[in-house]
Every structure is written in structure tokens, then in C-alpha cells.
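Visitor:
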Amino acid sequence: MAFREDMGIDLGTANTLVFVHGRGIVINEPSVVAIDTETGTVIQVGLAAKEMIGKTPASISAIRPLKSGVIADFDIARVMLRYFIGSARRGLPLLKPRVVIGVPIGVTEVERKAIMDAAIEAGASRVFLLEEPMAAAIGAGLDVEEPSGNMIVDIGGGTTEIAVISLGSIVNSVSVRIAGDALDEAIVHYVKEEYKLAIGERTAERVKIEIGNVFPLPEYDELEAMVVGVDLSTGLPRKIIVQGGEIREALDSNANRLIDSIKGALEQTPPELVTDIVARGIVLTGGGALLKGFDQLVSRETGISVIVADDPLTCVARGAGAVLEKVDVLTRLAKMSRAR
Ligand SMILES: Nc1ncnc2c1ncn2[C@@H]1O[C@H](COP(=O)(O)OP(=O)(O)OP(=O)(O)O)[C@@H](O)[C@H]1O
Ligand SMILES: [Mg+2]
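Just so it is clear: in the sequence shown, position 120 is 120 by this note's numbering, and no numbers are missing.
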């Protein structure tokens with residue numbers, strides 16, 4: 001009962017999720033805050049704010065406080081974290097929660113402190129920070145404490161983190177700033193070049209989710225999506241139909257760069273651990289794990305089997321939540337926080 005309010009949080013570039021013990025994922029919203037630029041007041045947070053992106057009048061701005069996996073706007077990120085922790089606590093007893101927050105591997109000391117302070121301000125009794133790939137691996141159900149190598153590839157909105165984990169720690173990792181946002185940008189660019197049509201990032205994201213793919217299969221070629229944009233020469237709206245094969249072409253160079261990074265991470269991994277990874281397969285998490293054909297591409301290019309985690313978008317939050325029940329891991333995290 002005492003752990004009832006404890007929370008695991010994934011403070012992501014694209015989405016923030018809060019997992020509460022006994023209740024599961026209670027918050028799953030875009031990491032967006034809409035503010036009134038004149039008064040500085042917060043108008044909306046989460047989904048309602050995301051719906052305003054690209055549609056705001058001059059006096060309102062829809063801000064994504066995290067970019068490339070790190071906090072780009074501290075004040076707004078604090079407001080957002082406070083809001084989500086507050087919403088997650090609504091209706092519960094006043095017992096203050098312990099909170100585990102997933103953070104990218106490379107976060108600076110200043111960023112760590114800002115995130116911890118924001119969580120304390122939001123009502124947390126204690127805050128522990130856990131590397132995102134570790135949280136993702138735990139959420140994906142891997143036994144990270146074993147003396148055996150696991151490779152996790154977490155493709156989020158801002159970054160893709162590739163990590164090899166063994167004996168409860170990250171043996172080596174690579175973080176690249178190519179993930180969902182970069183794929184959306186590639187689609188915006190493609191439609192502009194090929195069709196002389198301007199589209200927004202939200203439209204591009206919809207196209208990516210509907211028909212985006214990175215592996216040559218006839219079934220992917222046949223996929224179609226309708227796109228309405230603004231004709232660059234007339235300035236008038238125009239509707240086009242784009243096909244799966246075209247979007248694959250648009251995503252090709254980003255997909256190849258991700259493959260190169262995965263190969264690079266494997267090259268840096270000690271041979272014994274590579275043997276384990278070959279036996280167990282590479283595990284994909286994060287929203288990008290759902291990109292059609294990415295698993296097949298990784299498998300073809302590395303020669304290693306690939307597993308898409310169940311419910312890949314919630315792995316970090318569920319993994320962070322699960323850590324609260326592992327006293328040994330918490331003790332280690334607390335020591336790490338003090339050592340800094
Ligand atoms: N079915 C899908 N196919 C392709 N991409 C998808 C799909 N569903 C979601 N995404 C993409 O996944 C990304 C969000 O993933 P996720 O929530 O794991 O990121 P995040 O944790 O917020 O970001 P980061 O880890 O970089 O901080 C978005 O770019 C979204 O467009
Ligand atoms: Mg993430």
C-alpha cells in the first residue's frame with residue numbers, strides 16, 4: 001500500500017508518460033506546452049497543446065521543451081513535469097510519491113539537477129534518475145542483472161539510443177540525433193522537393209505513421225496516404241496521394257544512418273557480449289520501433305534477429321516504475337546521485 005503512488009516517468013522529446021504502481025500508465029501525452037507569449041501564462045499542456053502546433057495565433061506559442069532528448073527550455077519543462085505529476089496524483093492519498101525518471105545517457109549535471117528539482121517541486125518525496133536505455137530494457141522485460149549481453153535500440157522522437165547492457169550496467173552506448181522528428185522532417189522535405197507542396201510537421205508525422213516504411217516489400221509499396229498542403233507557387237491548397245515506395249525513398253538516408261550507428265555499436269562491443277546478443281536478438285523500443293520494416297532492415301543488415309518489444313512506446317515508463325521495486329537498483333541510483 002505504501003508504494004501506491006510511486007511513479008516511473010518517461011520525460012521524452014515527443015511524449016511524457018507516467019506509470020503509477022497499481023494503476024499502470026496514467027499519463028501518456030505529447031511533451032508540449034502552449035503559452036500566452038504576452039503574459040507568459042500556460043494555456044494548455046499535453047495533447048491539447050500539441051493540437052495547437054502550427055495553428056497558433058501570434059500571441060500563443062506551442063513549445064516542445066525537450067529537443068533531441070534533452071531539455072531545451074528549462075522553465076517550460078518544469079511547468080510540464082509539475083503538471084503531469086500533479087495530474088497523476090489527482091484523487092490519491094496525500095502520501096508523497098517516490099519518482100524514478102528516465103533520462104538520456106549524456107545529460108549534464110545541470111540538467112540532472114533541473115529535472116530533480118522540478119520533480120521535488122511537483123511533490124515527489126524522492127527522485128531517482130535512471131538512464132533511458134536501462135529503463136527501456138527493464139520495461140521490455142529483459143533481465144538486465146544477468147551476466148549476459150543485451151542490445152537495446154530505443155528510437156524516440158529526438159534521439160535513438162543504442163546500448164549494450166550486462167550485469168545491471170551499460171557497457172557501451174551510442175546516441176544519435178536521428179529519430180522520429182528527423183523522419184518527419186525528411187517527409188516534409190521530400191513532399192516539398194517532389195510536389196512543390198508545403199506541409200507541416202504534424203501532417204508529416206501522420207504520413208510516417210500511416211505509410212512510412214524502410215524495407216522493400218510490395219505490400220509497403222502499395223500503401224497510400226492523402227496529403228493536403230500549400231502549393232509553393234500558387235499559395236493555394238492542393239491535395240496529393242503519396243505512396244509507400246516514395247516515403248521509403250524519403251526515409252532511406254536516415255534509416256541507413258541508424259543502421260550504421262547500430263553496426264558501430266556492435267563493433268565496439270566485446271566479442272563475448274556480441275555472442276550473447278546474437279543468441280538473444282536485438283530489442284527495439286520507443287515509437288520508432290513501430291516504423292514498418294525497421295525490424296526487418298536491422299535484421300538483414302546485421303544478420304542478427306530482431307525483437308520489437310511489446311508496447312514499445314511505454315517501455316521506459318514501465319521500466320522506470322519497475323525499478324522502484326528493486327531495492328538494490330534504487331540504492332545504486334541513490335549512490336550515483338550523491339557521488340555527482
Ligand atoms: N506507428 C509508428 N510508426 C512510426 N513512428 C511512430 C509510430 N508511432 C509513433 N511513432 C513515432 O515515435 C516517436 C515518439 O516515440 P517515443 O514516445 O518513444 O519518443 P520520446 O521518448 O518522446 O523521445 P526521446 O526518447 O527521443 O526523448 C514520434 O516521432 C512518433 O511519430
Ligand atoms: Mg524515449
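We treat Cβ as the ideally placed atom computed from N, Cα and C, and that holds for glycine.
DSSP beta-bridge partners for A198?
Guide: Partner(s): V230.
Visitor: Does the beta carbon of E249 come closer than 7 Å to any beta carbon on chain B?
Guide: Among the chains of the structure shown, chain B does not appear; only one protein chain is present.
Visitor: If I'm right that A320 touches F19 with Cβ under 8 Å, what's the distance once you round it to whole angstroms?
Guide: Their Cβ separation, rounded to whole angstroms, is 7 Å, which keeps A320 and F19 in contact under 8 Å.
Visitor: Looking at the unbroken beta strand (DSSP E) that takes in S61, where does it start and where does it end?
Guide: Taken as a continuous stretch (DSSP letters only), the beta strand (DSSP E) holding S61 covers I60 to I63.
Visitor: Do V230 and K239 have their CB atoms nearer than 7 Å?
Guide: No; because the gap between Cβ atoms is not below 7 Å, this pair is not in contact.
Visitor: Name the two residues that bound the continuous beta strand (DSSP E) containing E222.
Guide: E222 -> no beta strand (DSSP E), and no H or E assigned at all.
Visitor: Where does A19 fall in DSSP's three states?
Guide: According to the sequence shown, residue 19 is Phe rather than Ala. The answer is strand: DSSP assigns F19 an E or B state.
Visitor: Under three-state DSSP, which class holds A320?
Guide: Here A320 sits in helix by DSSP.
Visitor: Enumerate in chain order the residues of its own chain whose CB-to-CB distance from V323 is below 8 Å, with the five nearest sequence positions on each side excluded.
Guide: Cβ within range, chain order: G8, V100, F128, L130, A135, I138, V329, L330 and L333.
Visitor: Kindly indicate which three-state DSSP category G24 falls into: helix, strand or coil?
Guide: Strand, per DSSP.
Visitor: Quick one: using the 10 Å Cβ neighbour count with 16 as the cut-off for buried, is P59 buried or exposed?
Guide: Before going further, note that residue 59 is Ser rather than Pro in the sequence given. Burial call: exposed.
Visitor: Enumerate in chain order the residues of its own chain whose CB-to-CB distance from Q268 is below 6 Å, with the five nearest sequence positions on each side excluded.
Guide: Cβ within range, chain order: N172.
Visitor: How would you call G303, buried or exposed, if buried means at least 16 neighbouring beta carbons within 10 angstroms?
Guide: It counts as exposed.
Visitor: Which stretch, first to last residue, makes up the beta strand (DSSP E) that contains R98?
Guide: Its beta strand (DSSP E) spans residues R98 to V103.
Visitor: What's the gap between the Cα of V107 and the Cα of V70?
Guide: Looking at the two C-alpha atoms, the distance is approximately 7 Å.
Visitor: Any chance the CB of G286 is under 6 Å from a heavy atom of ligand 1?
Guide: Yes, the Cβ of G286 comes within 6 Å of a heavy atom of ligand 1.
Visitor: Are the CB atoms of E301 and I241 nearer to each other than 7 Å?
Guide: No, these two residues do not count as a Cβ contact at 7 Å.
Visitor: Spell out the partners DSSP gives L130 in its beta bridges.
Guide: Answer by DSSP bridge pairing, in chain order: G102.
Visitor: Is any non-hydrogen atom of ligand 2 found closer than 6 Å to the C-beta of G156, if you look at the structure I gave you?
Guide: Yes, the Cβ of G156 comes within 6 Å of a heavy atom of ligand 2.
Visitor: Could you tell me the alpha carbon to alpha carbon distance between N352 and G12, rounded to whole angstroms?
Guide: The requested residue 352 is not part of the displayed model; the chain covers only 1 to 340.
Visitor: Quick one: give me the first and last residue of the alpha helix (DSSP H) that M80 is part of.
Guide: Note, M80: alpha helix (DSSP H), F74 to R89.
Visitor: What is the C-beta distance between A140 and T285, in whole angstroms, given that I count them as a contact (C-beta under 8 Å)?
Guide: Sure, about 5 Å apart at Cβ, within 8 Å.
Visitor: What residue from K263, L232, L236 and F215 has the CA that sits closest to E246's CA?
Guide: That would be F215, whose Cα lies nearest to the Cα of E246.
Visitor: At which residue ranges does the region 231-303 contain complete beta strand (DSSP E) runs of 3 or more residues, listed in the order of the chain?
Guide: Here the runs fully enclosed are 237-243 and 282-285.
Visitor: Are the region 304-311 and the region 186-206 in contact at 8 Å, needing three or more beta carbon pairs?
Guide: Touching, no.
Visitor: If we count Cβ pairs, one from each stretch, closer than 8 Å, do we get three or more for the region 76-92 versus the region 41-58?
Guide: Verdict: yes, contact present.
Visitor: Could you check where the beta strand (DSSP E) with D154 kicks off and where it finishes?
Guide: Note, D154: beta strand (DSSP E), N150 to I155.
Visitor: Among V176, L95, I27 and E145, which has the Cα closest to the Cα of D6?
Guide: Closest by alpha carbon: L95.
Visitor: Just verifying my parser: in three-state terms, what is the DSSP assignment at D6?
Guide: Reduced to three states, the DSSP call for D6 is coil.
Visitor: Does the distance between the C-beta of V316 and the nearest non-hydrogen atom of ligand 2 fall short of 6 Å?
Guide: The answer is yes for V316.
Visitor: Note down the Cα distance separating A14 from G180, rounded to an integer number of angstroms.
Guide: Taking the straight line from one Cα to the other gives about 8 Å.
Visitor: Looking only at its own chain, which residues have a Cβ that is under 7 Å from the Cβ of F3, when we skip the five neighbours before and after it?
Guide: Note on F3: pLDDT 47, under 50, position unreliable in the model; the coordinate value appears next. Contacts found: H21 and L324.
Visitor: What does the alpha-carbon distance come out to for the pair P30 and R177?
Guide: Those two C-alpha atoms are separated by around 19 Å.
Visitor: What are the partner residues of E161, as DSSP defines its beta bridges?
Guide: Answer is D154 and S175, bridged to E161.
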